[in-house]
Structures are given as C-alpha cells and as structure tokens.
Amino acid sequence: MLKANIAIFASGQGSNALNLIHHFESHPEIHVQFVLSNKSDAKVLEEAKKLGVQTFSFSNAEVENGEFITQFCIDQHIDFIVLAGYLRKIPVGLIAQFPNHIFNIHPALLPKFGGAGMYGKHVHEAVLANQEKETGITIHLVNEDFDSGEKIAQFHCDLGENETIETIQQKVQALEHAYFPLVIEETILKARNV
Ligand code: GAR
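Heads up: the sequence shown begins at 1 in our numbering, then just goes up one per residue.
Encoded structure:
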C-alpha cells in the first residue's frame, strides 16, 4: 500500500510542524510530502528544509484561491492536510476536495476561545483574563468556519493562581508536542482502514 502523503501548512515558528516531521520521519505508512507557508520568511520553512522536507511558500491570495491550492495539492498527491499554526482561512474548494481530511490544532478547549482573531498568544491572553482554572488543546476537522469543525480530541491542563501568558503557553505547547502527532497518526491510519 502506498504511504499516505500529508501536507503541513504553517505560518510561524513551526514547532508543531517540526515535531510532526520528526514523528513521521521513518513511518511505514505516513509521509510528510511538504510544508507550505503563506510567509516566505517563516522560520518553519528553513527548519523543515534542513530536515530534508520540501517547502513551498505562497502569497495569501494564492493560498486563499481554492482552485490554485487544490490543484497544487492534487499535483503533489496529497491525501491529508495538517494545519500546524496556520492562521489563514482554508478555501472552500480545498475543503470540498479533502472532506474530513484536513486537521487543525487549536491552543484552547474549543468551543471556548475560538473563532476569528483567536490564535497563538491571543488565546492565552483571553484564558488568563477570564481567570480560567484549566485550558488545553483541541484537534479538530476543518470546515468553512474558524475553529468549528468536528472535534477529534482534547487534552486538558490545570491552571494555578499565578499563571502568566508564558506559563500557559508552555503548558499548552507541552500538550501539543506530546499529543498532536499521535492523534494525527491514529486518525490517518483509521481513515485509511475503513
Ligand atoms: C500553536 O499553539 C497552535 O495551536 C496555534 O498556533 C501555535 C503555533 O505554534 N494555532 C492557532 O492558534 C490556530 N488558531 P508553532 O508555530 O510553534 O507550531
């Protein structure tokens, strides 16, 4: 059986993208075909290249042009798309071509702290301001609206009295790095075996 090809979309530092690349490095059934960013100077592109993974960068207009990005993924024989800190909206054409095959990670317990403008540190700021006793991560399917696709998995962490944005970010990132690759692996293997 051919390996499942995954495309990783990322916009920033890419710690999750790089963690996924390491996880799938010599996986017998899953291959990271490329990392794509909407920012040509994103650190993740440089780091992924060092790990021997193809990288591409496209303008926001290109990645939001459903026909263009869909054809690109078809030409690259992509089976699944993983959003790892990717902050632009996914065009409907791409979602239609890859139904239930696009996954996102969100750094909070959706439906709390999701939606437009809720990304990265903004999420932790809101969690802190709201004096939440816990937060966590959500891995979910991508649909036409930000952060509202079907949930695949959630992981929680407790928050204490003296948290800061940085301590919350560290706790959330630890969950992301521990669980995101495992959930993606399990979800892809399950999808291929049905
Ligand atoms: C991660 O915390 C991810 O959950 C978040 O961006 C960060 C990217 O970090 N995604 C969102 O906020 C999506 N709404 P990374 O570049 O180090 O992987």
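Each residue gets a CB set at the ideal place from its N, CA and C atoms; glycine is no exception.
Could you check where the beta strand (DSSP E) with residue i kicks off and where it finishes?
{"i": "Gly-136", "result": "134-141"}
{"i": "Ala-84", "result": "Segment: none, Ala-84 is in no beta strand (DSSP E) and carries neither H nor E."}
{"i": "Gln-54", "result": "54-57"}
On the criterion of 16 or more Cβ atoms from any shown chain inside 10 Å, does residue i qualify as buried, or is it exposed?
{"i": "Lys-171", "result": "buried"}
{"i": "Ala-84", "result": "buried"}
{"i": "Val-92", "result": "exposed"}
{"i": "Gly-115", "result": "exposed"}
{"i": "Asp-41", "result": "exposed"}
{"i": "Leu-189", "result": "exposed"}
Compute the distance between the beta-carbons of residue i and residue j, then report whether it is under 7 Å.
{"i": "Leu-45", "j": "Ile-21", "result": "no"}
{"i": "Ile-137", "j": "Glu-176", "result": "yes"}
{"i": "Glu-134", "j": "Leu-159", "result": "yes"}
{"i": "Gly-86", "j": "Ala-10", "result": "It should be pointed out that residue 86 corresponds to Tyr in this sequence rather than to Gly. Cβ atoms of Tyr-86 and Ala-10: closer than 7 Å."}
{"i": "Arg-88", "j": "Asn-38", "result": "yes"}
Using the DSSP secondary-structure output, state which residues sit across from residue i in a beta bridge.
{"i": "Lys-151", "result": "His-140"}
{"i": "His-31", "result": "Asn-5"}
{"i": "Leu-36", "result": "Phe-9 and Phe-56"}
{"i": "His-156", "result": "Gly-136"}
How far does the alpha helix (DSSP H) with residue i in it reach, from first residue to last?
{"i": "Ser-15", "result": "15-23"}
{"i": "Thr-167", "result": "165-192"}
{"i": "Tyr-106", "result": "The displayed chain sequence assigns His, not Tyr, to residue 106. His-106 -> not in any alpha helix (DSSP H); beta strand (DSSP E) instead, spanning 102-106."}
{"i": "Phe-68", "result": "66-75"}
Segment contact, 8 Å Cβ cut-off, at least three pairs: the segment 69-81 with the segment 105-113: Using a C-beta cut-off of 8 Å, the segment 69-81 makes no contact with the segment 105-113, since fewer than three inter-stretch Cβ pairs fall below that distance.
Does the segment 34-51 come close enough to the segment 107-121 that 3 or more CB-CB pairs lie under 8 Å? The answer is no - the segment 34-51 does not touch the segment 107-121, with fewer than three Cβ pairs under 8 Å.
How do the segment 55-71 and the segment 148-160 stand: do at least 3 beta-carbon pairs fall below 8 Å, yes or no? Fewer than three pairs of CB atoms, one per stretch, sit closer than 8 Å, so the segment 55-71 makes no contact with the segment 148-160.
Is the segment 96-103 touching the segment 116-134, taking contact as three or more C-beta pairs under 8 Å? Contact fails: fewer than three Cβ-Cβ distances are below 8 Å.
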